[in-house]
Ligand SMILES: Nc1ncnc2c1ncn2[C@@H]1O[C@H](COP(=O)(O)OP(=O)(O)OP(=O)(O)O)[C@@H](O)[C@H]1O
Ligand SMILES: [Mg+2]
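Residue numbers (our numbering): 27 to 300.
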């Protein structure tokens with residue numbers, strides 16, 4: 027059984043770079059020799075499939091209905107990553123009946139390929155459909171830009187995860203910063219507030235600098251990692267992938283893919299990060 031690490035990419039506010047980071051991080055981890063699946067948890071227009079230039083016929087609702095297996099809905103993306111399209115209403119997973127639940131869990135446990143990483147591109151905000159995903163992840167990385175509204179909303183999602191879901195495995199990815207130093211300072215500012223008011227020390231990962239090449243790649247429906255491997259942005263994503271490898275895993279780490287669904291289905295009161 028593989029030692030699967032599940033990483034959620036989240037943000038309080040929309041449009042801060044979750045999909046850009048999820049897709050490029052997935053490719054960077056794959057290029058470093060890992061087997062990676064990207065779960066597209068956001069069904070908005072700017073979704074991961076578009077960013078990767080792949081198309082899917084089915085999505086996770088076909089797995090819930092029992093018509094397809096996880097294997098059936100997954101497509102291959104750049105650098106061999108597996109892309110799994112989510113479904114709206116995944117927050118209602120807890121409301122499925124026994125048979126449906128067994129089907130979903132079985133579908134995950136039957137997935138043939140061993141995986142090292144599952145990256146979840148979550149939707150923005152703190153809706154139950156989002157926190158259901160995130161609390162199932164070993165680590166949630168909150169994307170934040172150096173703007174008052176982004177910082178306030180990042181604090182908002184961190185507060186909800188910590189105080190309402192007892193979930194504390196949270197790290198930060200400053201995005202669109204002018205240099206690494208300003209990314210670190212942004213982390214320090216937000217972390218100081220979390221330490222003071224939530225008694226929570228956030229993990230720092232790596233910052234993604236603002237880079238025009240990301241926009242050029244997006245216009246070509248390609249991740250910057252494959253579109254411009256020599257760019258500054260691609261360098262940042264390779265460094266981010268290295269840092270991700272070193273993140274501590276304090277939740278039950280083994281158990282493969284079904285761990286993810288099992289945790290999604292765990293009633294709130296039973297969730298603990300001890
Ligand atoms: N570091 C960066 N440098 C330059 N442009 C960036 C950077 N990160 C993201 N972008 C651009 O910012 C826009 C928003 O990024 P993205 O779609 O990844 O955000 P998101 O958080 O997934 O948004 P949503 O909440 O709508 O899903 C895109 O046009 C993307 O190309
Ligand atoms: Mg997105």
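Note that the Cβ used here is the ideal one computed from N, Cα and C, for glycine as well.
Review point. Is DSSP giving residue 166 helix, strand or coil here?
Key: Position 140 of the chain shown holds residue 166. If DSSP states are grouped into helix, strand and coil, residue 166 belongs with the strands.
Exercise for review: Could you tell me whether any non-hydrogen atom of ligand 1 is closer than 6 Å to the CB of residue 66?
Suggested key: Residue 66 sits at position 40 when you count from the first residue of the chain shown. No.
**Study point:** Three-state secondary structure (DSSP) of residue 84
**Key:** Counting from 1 along the chain shown, the entry for residue 84 is found at position 58. DSSP places residue 84 in coil when its eight states are reduced to three.
Exercise for review: May I have the straight-line CA-CA distance separating residue 297 from residue 109, to the nearest angstrom?
Suggested key: Numbered from 1 along the chain shown, position 271 holds the residue referred to as residue 297. Numbered from 1 along the chain shown, position 83 holds the residue referred to as residue 109. Confidence at residue 297 is low in this model, with a pLDDT of 43, below 50, so its placement is unreliable and no value can be given for it.
Point to revise | Length of the line joining the Cα atoms of residue 137 and residue 166 | key: Start at 1 with the first residue of the chain shown, and residue 137 comes out as number 111. Start at 1 with the first residue of the chain shown, and residue 166 comes out as number 140. Near 23 Å, if we compare the C-alpha coordinates of residue 166 and residue 137.
Exercise for review: Going by CA-CA distance only, name the one from 185, 141 and 252 that's closest to residue 79.
Suggested key: Counting from one through the chain shown, the residue named residue 79 turns up at place 53. Measuring from the Cα of residue 79, the nearest candidate turns out to be 252.
Point to revise | Local conformation of residue 40 per DSSP, three classes | key: Here residue 40 refers to the residue found at position 14 when the chain shown is read from its first residue. Three-state DSSP puts residue 40 in coil, outside helix and strand.
Check your understanding: Near residue 243, which residues of its chain fall below 7 Å by C-beta distance, leaving aside the five closest residues on each side in sequence?
Key -> Within the chain shown, residue 243 is the residue found at index 217, counting from 1. Within the same chain, Cβ atoms closer than 7 Å to the Cβ of residue 243 are found at 249, 250, 253 and 254, the five residues on either side in sequence being excluded.
Check your understanding: Is it the case that the CB of residue 45 approaches a heavy atom of ligand 2 more closely than 6 Å?
Key -> Along the chain shown, read from residue 1 onward, the residue named residue 45 stands at position 19. Yes, the beta carbon of residue 45 sits closer than 6 Å to at least one heavy atom of ligand 2.
Review point. Does the distance from the C-beta atom of residue 36 to that of residue 221 stay below 7 Å?
Key: The residue labelled residue 36 in the question sits at position 10 within the chain shown. The residue labelled residue 221 in the question sits at position 195 within the chain shown. Not in contact: residue 36 and residue 221 (Cβ atoms no closer than 7 Å).
**Study point:** Among 42, 38, 126 and 105, the one whose alpha carbon lies nearest that of residue 240
**Key:** By one-based count along the chain shown, residue 240 stands at place 214. Out of 42, 38, 126 and 105, 42 has the C-alpha closest to the C-alpha of residue 240.
Check your understanding: Does the Cβ of residue 247 have 16 or more other Cβ atoms within 10 Å, making it buried, or fewer, making it exposed?
Key -> Position 221 of the chain shown holds residue 247. With fewer than 16 other Cβ atoms within 10 Å, it is exposed.
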